[in-house]
Amino acid sequence: MFSLKGKTALVTGARTGIGKAIAVGLAQAGADLVLLGHSPDFAEVTAEAEAAGAAVETMIVDLADPAAVEPALAELLARREVDVLVNNAGIIHRQPATDVSLGDWRRVQAVNLDSVFALSQAVGRQMTARGSGKIITIASLLSFQGGINVSGYTTSKHAVAGLTKALANEWAPHGVQVNAIAPGYIATNNTEALRADPDREPAIRGRIPAGRWGTPEDLVGAAVFLASPASDYVNGHVLVVDGGWMSR
Numbered sequence: 007m008f009s010l011k012g013k014t015a016l017v018t019g020a021r022t023g024i025g026k027a028i029a030v031g032l033a034q035a036g037a038d039l040v041l042l043g044h045s046p047d048f049a050e051v052t053a054e055a056e057a058a059g060a061a062v063e064t065m066i067v068d069l070a071d072p073a074a075v076e077p078a079l080a081e082l083l084a085r086r087e088v089d090v091l092v093n094n095a096g097i098i099h100r101q102p103a104t105d106v107s108l109g110d111w112r113r114v115q116a117v118n119l120d121s122v123f124a125l126s127q128a129v130g131r132q133m134t135a136r137g138s139g140k141i142i143t144i145a146s147l148l149s150f151q152g153g154i155n156v157s158g159y160t161t162s163k164h165a166v167a168g169l170t171k172a173l174a175n176e177w178a179p180h181g182v183q184v185n186a187i188a189p190g191y192i193a194t195n196n197t198e199a200l201r202a203d204p205d206r207e208p209a210i211r212g213r214i215p216a217g218r219w220g221t222p223e224d225l226v227g228a229a230v231f232l233a234s235p236a237s238d239y240v241n242g243h244v245l246v247v248d249g250g251w252m253s254r
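Quick look at the structure:
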């Protein structure tokens, strides 16, 4: 039920952190990969995926320019099927809301929301026409909460949760499952500032029932589940993987 053998997964933001862990995990489950990012530095994740037996293709697309997504994907989708889309790429801008520039606000929305829609739309057209497919978007605990000094990020992640449900409603009748994963506090580049804060780091860790920050690898099982036939009747769900944070 959890095998991805014969499937192709397109993963954004796969060079490091959560995206890399999920990409390698999907490869270990049997999927071939298309890795999409704004930089050509895919050597490490490619090596690990190929060691797991995956064929790997890479694409360079700047997701800060959502208009570039559809033309870039048109060539790919014309020659191969994408069975799984993982919308992982995201950015965060930390600043009090009174000081955030419109440019910084728009850049966060462009990467975290607009490009997610553009990717899902382009791949979703192929999936709905075929009658099968899995779309997984990385949400956040800030899909449910407000956060501090991250107004643009919080807004984008609330919107991702809503988009997940909206697309699930439209595409479930066509055999496409659309879901999201909301990671808790994970040790990645995005949380480096929090982990370095002598006040907030222990406060955050102290609220996590598991007693530790998560790792990118903690999200792999959820991603494989949502990408596989095991989740064929799961649709429009935001799966929280947070060590118990939301239950506190």
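Okay, so the sequence shown: first residue is 7 according to this note's numbering, each after it adds one. Just so it is clear, CB atoms sit at the ideal spot from N, CA and C, and this is done for glycine as well. Because the structure is a prediction, the values reported are computed rather than measured.
Residue environment for residue 252: exposed (fewer than 16 other C-beta atoms within 10 angstroms of its C-beta).
Following the DSSP letters along the chain, one finds residue 17 inside the beta strand (DSSP E) bounded by residues 14-18. Between the beta-carbon of residue 33 and that of residue 41 there is about 10 Å, and that puts the pair past the 8 Å contact cut. Membership of residue 208 in the alpha helix (DSSP H) is indicated by the continuous run 206-213. Short of 7 Å from the beta carbon of residue 55, and not among the five residues preceding or following it, lie these beta carbons of its own chain, in chain order: 29, 30, 33, 39, 62.
Rounded to whole angstroms, the separation of the alpha carbons of residue 217 and residue 73 is 42 Å.
Comparing alpha carbon positions, the residue from 240, 138, 97 closest to residue 120 is 97.
Within the DSSP secondary-structure output, residue 66 pairs in a beta bridge with 43. Residue 199 sits exposed, since fewer than 16 C-beta atoms from the chains shown fall within 10 Å of its C-beta.
About 12 Å separates the beta carbon of residue 187 from that of residue 141, a gap too long to meet the 8 Å contact definition.
A distance of 8 Å or more separates the beta carbons of residue 149 and residue 171.
Less than 8 Å divides the Cβ of residue 234 from the Cβ of residue 35.
Taking a contact to require three or more Cβ pairs closer than 8 Å, the stretch 124-134 and the stretch 216-232 do not qualify as touching. When 22, 176, 71 are compared, the shortest CA-CA separation from residue 49 is found for 22. Residue 186: member of the beta strand (DSSP E) spanning 182-189, first to last residue. Note that the C-beta distance between residue 242 and residue 174 is below 8 Å. With distances taken between CA atoms, residue 99 lies nearest to 159 out of 59, 118, 116, 159.
Relative to the Cα of residue 152, the nearest Cα in the group 43, 192, 103 belongs to 103. For residue 175, there is no enclosing beta strand (DSSP E); the residue is found in the alpha helix (DSSP H) stretching over 157-177.
When DSSP states are grouped into helix, strand and coil, residue 139 belongs to the strand group.
In the same chain as residue 60, and ignoring 5 residues on each side of it, the C-beta atoms closer than 7 Å to its own belong to 33, 37, 38, 39, in chain order.
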